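Chains as they are written, first to last, in the working numbering: chain A, 5 to 428; chain B, 400 to 638.
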């Protein structure tokens with residue numbers, strides 16, 4: 005395979021591996037898993053061997069994107085629902101014109117395969133951290149759907165696992181780079197000057213406690229595995245069906261599995277807002293709660309170390325001095341003092357965010373939506389959530405990943421996982 | 400105020416009859432009280448006492464589940480004894496930990512640590528993970544004792560907990576561990592986590608000592624690479 009350089013991926017990986025083992029290769033990313041080869045296993049082909057975990061709904065969309073690529077050899081699917089699993093397996097076999105695709109109920113069996121280089125993860129959010137970390141430990145690169153985390157504690161552990169094992173881990177919001185070009189351009193080319201404030205509008209409710217009644221568990225779902233680390237609750241189709249709905253008939257409505265629309269659409273919109281305003285490598289220092297005032301509803305403002313303020317649904321709109329751009333869901337204002345332009349980062353390779361991931365699996369570059377950037381967005385969203393739930397301001401120390409001097413908020417950094425699942 | 404108190408009384412009554420499928424809006428006054436008592440210690444203690452009373456009564460699993468969620472936010476040392484009694488109960492152990500893990504008092508950690516002697520299998524996995532999540536350095540000796548457990552899930556959970564605690568004592572226990580084979584990968588992962596913690600604290604020699612032991616040929620290639628990279632980082636930070 006030609007990647008536009010004089011060496012193939014296999015040759016690059018061999019060189020990188022040898023250098024790393026002798027201690028002279030200091031780049032943060034070193035090697036893919038199976039591509040190493042050993043005495044008994046031949047080196048991998050130039051195609052990336054992939055499997056998918058959580059194949060319903062959005063996971064199915066991701067599968068289609070990866071399956072359609074000539075440089076991906078898709079070999080395995082995993083889902084705890086047989087109908088999704090079988091459908092996904094059939095899609096792969098149809099595409100590959102064989103019957104070789106393996107299908108698993110338990111993701112650990114898929115991760116145990118030595119021949120798989122990378123996985124995509126499209127489960128509900130309560131599984132993301134465990135699966136990403138286990139994938140890294142198994143030597144797999146991972147593309148993880150957003151929202152990448154369900155709790156604040158999960159993010160640093162996911163980043164640590166990716167860095168520890170030199171894995172490529174990409175978050176899964178394609179909208180961050182693709183939906184907000186009307187904002188990114190004027191921000192990065194210096195027209196707006198220094199960005200002073202942002203207002204993110206238009207996304208919905210927090211997730212809520214689920215109390216749906218028990219239904220008979222269908223034979224085609226492994227309910228214990230669907231719940232995994234979440235608190236045990238009886239099967240109800242409204243608890244686990246659906247994908248994007250937050251009106252009570254979808255897992256995304258419920259706090260045990262999701263942060264609700266606030267973290268779902270928030271991953272896109274705050275990802276886009278922080279990218280456009282060039283703070284996606286930072287975490288907020290506080291989430292300031294503004295009580296409802298007359299006709300104006302309550303809202304929260306995130307403050308950043310560089311002085312930027314990002315409001316969530318500020319009801320009185322921004323009416324600042326200086327230029328502003330109203331991009332509909334996101335409104336940005338700068339100080340108007342023109343700055344030197346900077347090139348905005350973009351995808352590497354072709355094929356959108358999925359192509360970016362595959363390109364980076366081959367080259368070991370950081371993907372556009374490197375897990376650390378996804379986690380930073382999620383921290384902002386978790387802080388928003390906690391400020392709304394407590395109906396007060398919370399302060400955040402990114403260095404310690406704690407709410408300094410705030411025991412009540414500190415209790416919301418994480419939650420106990422149901423045995424036998426744990427996070428470390 | 401009187402109106403709020405009446406609503407809370409009504410919600411606490413509804414909680415006693417709560418079950419999956421019941422109207423959760425009936426519990427909203429409890430949710431409101433959790434928020435409104437944030438800066439009123441006496442009112443919060445009174446609310447906690449009412450919830451503990453429900454937890455100790457003959458109510459449904461769902462009602463106890465709800466109480467544990469609330470105690471995760473407002474629970475204090477006063478809640479610990481009632482929660483501790485649930486740690487050995489198959490259906491309620493997780494939700495007891497859901498609360499105990501988030502209650503900062505030493506008594507909560509003591510209760511979890513004491514439970515290690517009375518639970519086994521998956522319940523022990525859960526208790527070990529909660530001690531690890533709390534970063535409870537005082538539990539290292541008891542957690543380390545589980546590294547040799549014949550149940551690989553228990554041994555792995557013990558290793559993971561020590562990898563979360565990341566003190567020198569935790570690192571020593573991991574270095575000395577001789578777990579059954581299925582738990583070995585988590586032991587090594589936790590040793591790497593300890594080394595990273597030492598690096599972050601500037602304890603370069605301690606970190607390097609761990610990496611040097613993991614760089615050997617007997618370890619999987621992925622681990623050798625991680626250790627090699629760690630050694631490299633130690634060298635770079637020393638310069």
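Glycine residues also receive a C-beta, built at the ideal position from the N, C-alpha and C atoms.
Source: prediction; values computed, not measured.
Check: When A:379, A:415, A:390, A:375 are compared against residue 290 of chain A, the one with the closest alpha-carbon; Outcome: A:390
Check: CB contact check: residue 213 of chain A to chain B, cutoff 9 Å; Outcome: yes
Check: Neighbour list for residue 217 of chain A in chain B, Cβ cutoff strictly below 7 Å; Outcome: 419, 420
Check: Exposure label - residue 87 of chain A; buried when at least 16 CB within 10 Å; Outcome: exposed
Check: is_contact[residue 262 of chain A, chain B] using C-beta, thresh 9 Å; Outcome: no
Check: As assigned by DSSP and simplified to three states, the class of residue 2 of chain A; Outcome: No answer is possible for residue 2 of chain A: the residues shown for chain A start at 5 and end at 428.
Check: Alpha-carbon to alpha-carbon, residue 107 of chain A and residue 225 of chain A; Outcome: 14 Å
Check: Cross-chain neighbours of residue 503 of chain B in chain A, by beta carbon under 9 Å; Outcome: 411, 414, 415
Check: Under 9 Å by beta carbon: chain A residues contacting residue 589 of chain B; Outcome: 428
Check: C-alpha distance - residue 573 of chain B paired with residue 246 of chain A, whole-angstrom precision; Outcome: 43 Å
Check: Contact check, residue 326 of chain A vs residue 197 of chain A, beta carbons under 9 Å; Outcome: yes
Check: Cβ-based neighbour list, residue 463 of chain B, same chain, cut-off 7 Å, excluding 5 preceding and 5 following; Outcome: 454, 491, 494
Check: Boundaries (first-last residue) of the alpha helix (DSSP H) holding residue 279 of chain A; Outcome: 265 to 280
Check: Inter-residue spacing [alpha-carbon to alpha-carbon] between residue 151 of chain A and residue 355 of chain A; Outcome: 21 Å
Check: Where residue 313 of chain A falls: helix, strand or coil (DSSP); Outcome: strand
Check: Residues near residue 30 of chain A by beta carbon distance below 6 Å, same chain, minus five either side; Outcome: The predicted position of residue 30 of chain A is uncertain, since its pLDDT is 40 and thus under 50; a value taken from the coordinates is nonetheless stated next. For residue 30 of chain A, where only same-chain residues beyond five positions count, there are no Cβ hits under 6 Å.
Check: Counted within 10 angstroms of its Cβ, other Cβ atoms place residue 235 of chain A as buried (16 or more) or exposed; Outcome: buried
Check: Proximity test, residue 450 of chain B beta-carbon vs the ligand NAD heavy atom, cut-off 8 Å; Outcome: You won't find the ligand NAD in this model; it holds no ligand whatsoever.
Check: Close Cβ partners of residue 471 of chain B (< 8 Å) along its chain, the five nearest in sequence each way excluded; Outcome: 497, 498, 500, 501, 502
Check: Beta-carbon gap between residue 58 of chain A and residue 178 of chain A smaller than 9 Å; Outcome: no
Check: Same chain, Cβ closer than 6 Å to residue 443 of chain B, five either side skipped, listed in chain order; Outcome: 436, 473
Check: Members of the segment 154 to 183 of chain A that neighbour chain B once the beta carbon cut-off is set at 7 Å; Outcome: 164, 168, 169, 170
Check: Nonlocal neighbours in the same chain, by C-beta distance under 6 Å from residue 110 of chain A, ignoring five residues either side; Outcome: none
Check: Neighbouring residues, chain A, relative to residue 494 of chain B (Cβ below 8 Å); Outcome: 235
Check: is_contact[residue 408 of chain A, chain B] using C-beta, thresh 9 Å; Outcome: no
Check: Within the segment 328 to 400 of chain A, ranges of the alpha helix (DSSP H) (whole runs, at least 4 residues); Outcome: 356 to 367, 375 to 394
Check: Residue 590 of chain B versus residue 337 of chain A - alpha carbon distance; Outcome: 48 Å
Check: Selected residue, minimal CA-CA separation from residue 626 of chain B, among A:399, A:128, A:169; Outcome: A:169
Check: Residue burial classification, residue 252 of chain A (beta-carbon count within 10 angstroms, cutoff 16); Outcome: exposed
Check: Continuous alpha helix (DSSP H) assignments of at least 4 residues falling wholly in the segment 93 to 118 of chain A; Outcome: 111 to 115
Check: Reduced DSSP category for residue 507 of chain B - H, G, I as helix; E, B as strand; rest coil; Outcome: helix
Check: Under 9 Å between C-beta atoms of residue 531 of chain B and residue 485 of chain B; Outcome: no
Check: Cβ-based neighbour list, residue 370 of chain B, same chain, cut-off 7 Å, excluding 5 preceding and 5 following; Outcome: This structure does not reach residue 370 of chain B, given that chain B is present from 400 up to 638, and the question cannot be answered.
Check: Simplified DSSP state of residue 638 of chain B, which is helix, strand or coil; Outcome: coil
Check: Selected residue, minimal CA-CA separation from residue 84 of chain A, among A:368, A:359, A:113; Outcome: A:113
Check: Helix, strand or coil at residue 488 of chain B [DSSP, three-state]; Outcome: coil
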